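Accompanying notes for the structure given below.
Protein chains: 2
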Amino acid sequence: MNCLEERILKDGVVKEGNVLKVDSFLNHQMDVELMNEIGKEFYRRFQHKPINKILTIEASGIAIAYAVAQQFHVPLLFAKKSKSINIAGDTYVAEVESFTHKNRNTVVVSKQFLNENDRVLIIDDFLANGAAINGLISIVEEAGAVLVGAGVCIEKGWQPGGDHLRGKGVKLVSLAVCDRIENGKIICRD
Amino acid sequence: MNCLEERILKDGVVKEGNVLKVDSFLNHQMDVELMNEIGKEFYRRFQHKPINKILTIEASGIAIAYAVAQQFHVPLLFAKKSKSINIAGDTYVAEVESFTHKNRNTVVVSKQFLNENDRVLIIDDFLANGAAINGLISIVEEAGAVLVGAGVCIEKGWQPGGDHLRGKGVKLVSLAVCDRIENGKIICRD
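Chains as they are written, first to last, in the working numbering: chain D, 21 to 210; chain X, 21 to 210.
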C-alpha cells in the first residue's frame with residue numbers, strides 16, 4: 021500500500037451518496053509533504069520516458085502537477101477554464117464535463133506553449149468518467165504533441181474512465197484505485 | 021534585482037492596453053525552478069513569523085502557494101470559486117471581483133480547515149486592485165485566524181491594491197512592483 025492509499029483510508033471521508041471526500045489533504049487543503057511523495061512516485065513510474073512538459077487542468081490538478089514537474093525539472097502547463105464563447109485562434113480548446121459540478125467547461129491552452137516537439141505527461145487528482153483527461157488528450161493531439169502517459173492520484177474504479185483510457189492504449193498510472201464503498205468504508209484495489 | 025524581476029523584464033510581454041502578460045512562466049505555463057526560487061524568497065521574508073497555513077485562491081495562485089508551503093512545511097489551502105448561490109453553513113464565503121476577467125466570483129473555504137488557531141500567510145500571483153487578497157483577508161477574519169502577512173509575485177504599482185493594503189497595516193511583500201509601462205517597456209520599482 022502506498023502513502024496515498026494509506027492516507028485515503030485514514031482521512032478520506034464518505035459522504036451521502038457514496039461521495040469520497042479527500043479535501044483535508046488532496047484538493048482543498050493540501051498536505052504538501054504527501055504531494056511531494058506523490059510527485060516522486062509518478063517520477064519513479066514515468067522517469068524512463070522522455071517527458072518535457074506536465075499538463076493538467078485547473079484548479080486542484082495544479083498542486084499535484086507542480087509536485088510532479090519539480091521532479092522532472094520541466095515546465096507545468098495548466099488548461100484554463102474559459103468563460104468566453106469566442107476563443108481566439110491562438111488557443112487549443114476542449115469541452116470538459118465536470119462529474120463533480122455537473123456542468124460543462126470550455127478549457128483552453130495557449131498554442132504558444134504546446135506543439136509537436138512536446139512529450140507530455142498529463143496529471144490530475146481524480147479520474148471518474150475521464151472527461152478532464154480526455155479533454156486534455158484532445159488538446160495534446162490537436163497540438164501534434166506526443167502523449168507519454170497520464171497519472172492520476174485517485175481512480176474511482178466503479179466509473180468507466182480508467183478502463184476506457186486503458187482500452188485506448190493510454191499508459192495510465194493511478195496511485196490509488198478505489199473500487200467501491202461498502203457500509204461507508206472505502207475499499208481500494210490491491 | 022531578484023530573479024522574478026529579471027524574468028519579467030526578459031519574458032514579460034506587453035499587450036494592447038498596457039496589459040502585462042507573464043503566462044510563459046508564471047500563470048499558464050509555469051517555470052517550476054523559478055517558482056521554487058520564489059518560494060524560498062517568501063520564506064526568507066516571512067520565516068521569523070510563526071505561520072502554520074498558506075492560503076491562496078484558485079487557480080494560478082495555487083502553484084506559487086505550493087512553492088511557499090513546501091518551504092514552510094505547512095499545509096496549503098485554496099479558496100474555491102463556487103458557482104452555487106446557496107452555500108452551506110460550513111464554509112466561509114467572500115465575493116471577489118476579478119480585474120482580469122471583469123466578473124465577480126464567490127469563493128469559499130471550508131470552516132473545517134481554518135479557525136482561530138491558524139496563523140496565515142496569504143499568497144497570490146498578481147496584486148492589482150486587491151480584490152482577491154481582500155476577499156481572502158475577510159475569510160481569515162471571519163475564521164478568527166491571525167493574518168501574518170501577504171505575499172504577491174507581481175504588484176501593479178499603478179493600481180491601488182498595494183497601497184490600500186499597506187495603509188490597512190497588512191505586512192505585504194511584493195517580489196516585483198511594476199510601476200508603469202513606457203513605450204511597451206515594463207518599468208519595475210527599485
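Think of the CB as a built atom: it goes at the ideal place given N, C-alpha and C, for glycine as much as any other residue. Here the structure is a predicted model, which is why all the values come from computation and not from measurement.
Secondary structure of X:F66 (DSSP, three-state): helix. Here X:D51 has F45 as same chain residues with Cβ atoms under 7 Å from its own Cβ, once five neighbours each way along the sequence are excluded.
One alpha carbon belongs to X:G164, the other to X:Y112, and they sit about 11 Å apart. Pairing D:I28 with X:Y63, the inter-Cα distance amounts to about 30 Å. DSSP places X:N123 in the uninterrupted beta strand (DSSP E) bounded by N123 to S130. Within chain X, the C-beta atoms nearer than 8 Å to that of D:L97 come from H48, Q49 and M50, in chain order. Around X:Q49, the same chain offers D43 as residues with beta carbons nearer than 7 Å, after the five sequence neighbours per side are excluded. With respect to the 8 Å criterion, X:I77 and X:L141 are not classified as neighbours on the basis of their beta carbons.
D:I207 is classed as exposed because its beta carbon has fewer than 16 other beta carbons within 10 Å across all chains shown. Distances from the CA of D:G109 to each of D:S158, D:A99 and D:V128 were compared; the closest alpha carbon is that of D:V128.
In this structure the segment 22-36 of chain D does not lie against the segment 131-150 of chain D, because fewer than three pairs of beta carbons, one per stretch, are closer than 8 Å. Taking each of X:I153, X:V160, X:K205 and X:I159 in turn and checking the Cα distance to X:V193, the smallest one comes out for X:I153. As the crow flies, the alpha-carbon of X:P180 is around 27 Å from that of X:K69. When only Cα atoms are considered, X:S80 and D:I74 end up about 15 Å apart. Counting the other Cβ atoms within 10 Å of the Cβ of X:G189 gives fewer than 16, which makes it exposed. With fewer than 16 other beta carbons inside 10 angstroms of its own, X:N38 counts as exposed. For the segment 164-188 of chain X, the continuous alpha helix (DSSP H) assignments of 4+ residues that do not extend past its boundaries occur at 181-187, in sequence order. X:M55 sits in a helix when the DSSP states are folded into three classes. Closer than 8 Å to the CB of D:Q67 there is not a single CB belonging to chain X.
Of the candidates D:A151, D:R209, D:I82 and D:V88, the residue whose Cα lies closest to the Cα of D:V116 is D:A151. DSSP places D:E136 outside any beta strand (DSSP E), giving it a letter other than H or E. Here D:R200 carries a strand assignment [DSSP, helix/strand/coil].
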